[in-house]
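With my numbering as the guide, the letters of the sequence shown map in order to residues 2 to 288.
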Amino acid sequence: MIVSAAEMLKKAKAGHYAVGHFNINNLEWTKAILLAAEEKKSPVILGVSEGAGKYMTGFKTISAMVYAMHDALGITVPMALHLDHGSYEGCKACIEAGFTSVMFDGSALPLEENIAKTKELVELAHSKGISIEAEVGAIGGEEDGVVGAGECADPEECKMVCDLGVDMLAAGIGNIHGVYPENWAGLSFETLDAIQQKTGDMPLVLHGGTGIPEDMVKKAITLGVSKVNVNTECQLVFAEATRKYIEAGKDKEGKGFDPRKLLAPGTEAIKAKVIEKMELFGSVGQA
Ligand code: 13P
2 MIVSAAEMLK KAKAGHYAVG HFNINNLEWT KAILLAAEEK KSPVILGVSE
52 GAGKYMTGFK TISAMVYAMH DALGITVPMA LHLDHGSYEG CKACIEAGFT
102 SVMFDGSALP LEENIAKTKE LVELAHSKGI SIEAEVGAIG GEEDGVVGAG
152 ECADPEECKM VCDLGVDMLA AGIGNIHGVY PENWAGLSFE TLDAIQQKTG
202 DMPLVLHGGT GIPEDMVKKA ITLGVSKVNV NTECQLVFAE ATRKYIEAGK
252 DKEGKGFDPR KLLAPGTEAI KAKVIEKMEL FGSVGQA
């Protein structure tokens, strides 16, 4: 069932679990995530960064692939197709292309401009039944060229942005994209608690899901996080499984070089990782 992310996240917030947002890069990624969600009867969000959008030759290509694959695989669980860290133009293009959810990342803009553009995009998205995520306080690290310093969000600013009618809010709480450095200070639960107190029922989004210790993820969910974004971890397990296959010389055995065989261990590894995350987030059986 292809839906916006609004209802599934409201349900998650009320039920004290989180829905996984998994970034996609190609057909194998998409298939692995959709099969994992269906097998575990879990709602799911497919995230597409603007860089991945370009790689896959555009948002329309992705939309066509995802809709067709959803039907061909007989996916019954709620699934949203979501733009990750979108620009103003990117959001408009995805709304046009059939995405059911977008994130407008105006965190690098002056607050006034972030607010004005978010407001405009909220109206546009909602007029088409599409959900929208906004960001306050930069998520640290680098993702597809989007670099953030990792500052904690100001709860007052979070409240202001929520009042614009967004469906979910990404608030920086010391989280970073990619692998966490050795000296990482951990998530700021104090900030998260203050944000949740100001923003009430708003589903909060935890970016940079890769490498956050399980107990911290669980605690964040108890403090109002309803969507957890995971990207790098799927890339790492895909690369590792593919490397093992080649290092074991399996691509040289028979027709082991056939891409359908060569990419199979990596695809299976993504599926297993996604299932592991769904279990951690508590979304299994919630579809
Ligand atoms: P990671 O790559 O750290 O898992 O972050 C994913 C993310 O936040 C996508 O927006």
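Even for Gly, the Cβ is constructed at its ideal location relative to N, Cα and C.
Since the structure is predicted, the reported quantities are computational estimates derived from the model, not experimental observations.
Could you round the C-beta distance between residue i and residue j to whole angstroms and report it? I think they count as a contact, below 8 Å.
{"i": "residue 202", "j": "residue 12", "result": "At roughly 12 Å, the Cβ-Cβ gap does not stay under 8 Å, so residue 202 and residue 12 are not in contact."}
{"i": "residue 70", "j": "residue 35", "result": "6 Å"}
{"i": "residue 278", "j": "residue 48", "result": "Their Cβ separation, rounded to whole angstroms, is 13 Å, which puts residue 278 and residue 48 out of contact at 8 Å."}
{"i": "residue 196", "j": "residue 156", "result": "5 Å"}
{"i": "residue 271", "j": "residue 238", "result": "6 Å"}
{"i": "residue 167", "j": "residue 79", "result": "At roughly 19 Å, the Cβ-Cβ gap does not stay under 8 Å, so residue 167 and residue 79 are not in contact."}
{"i": "residue 37", "j": "residue 276", "result": "5 Å"}
Can you look up residue i in the DSSP assignment and give me helix, strand or coil?
{"i": "residue 61", "result": "helix"}
{"i": "residue 203", "result": "coil"}
{"i": "residue 102", "result": "strand"}
{"i": "residue 133", "result": "strand"}
{"i": "residue 50", "result": "strand"}
{"i": "residue 72", "result": "helix"}
{"i": "residue 161", "result": "helix"}
{"i": "residue 15", "result": "helix"}
{"i": "residue 81", "result": "strand"}
{"i": "residue 115", "result": "helix"}
{"i": "residue 25", "result": "coil"}
{"i": "residue 20", "result": "strand"}
{"i": "residue 67", "result": "helix"}
Could you tell me which of the options sits nearest to residue i, measuring between CA atoms?
{"i": "residue 45", "options": "29, 10, 269 and 237", "result": "10"}
{"i": "residue 225", "options": "249, 233, 274 and 192", "result": "192"}
{"i": "residue 158", "options": "132, 284 and 114", "result": "114"}
{"i": "residue 213", "options": "194, 250, 189 and 200", "result": "189"}
{"i": "residue 85", "options": "215, 196, 156 and 26", "result": "26"}
{"i": "residue 171", "options": "272, 238 and 227", "result": "227"}
{"i": "residue 152", "options": "105, 136 and 217", "result": "136"}
{"i": "residue 169", "options": "229, 243, 112 and 262", "result": "229"}
{"i": "residue 75", "options": "40, 57, 93 and 60", "result": "40"}
{"i": "residue 33", "options": "287, 265, 282 and 128", "result": "265"}
{"i": "residue 292", "options": "96, 256, 198 and 231", "result": "Given a span of 2 to 288 for the chain in the structure shown, any question on residue 292 remains unanswerable."}
{"i": "residue 72", "options": "93, 31, 23 and 56", "result": "31"}
Measuring only from the beta carbon, is residue i closer than 7 Å to any heavy atom that is part of the ligand COA?
{"i": "residue 250", "result": "Judged by which ligands are present, the ligand COA is missing from the structure shown, whose ligands are the ligand 13P."}
Could you tell me which uninterrupted alpha helix (DSSP H) segments, each at least 4 residues in length, are contained entirely in the region 167-203, listed from first to last along the chain?
190-200
Mind pulling the alpha helix (DSSP H) runs of 4 or more residues that sit fully within the region 207-238?
215-223
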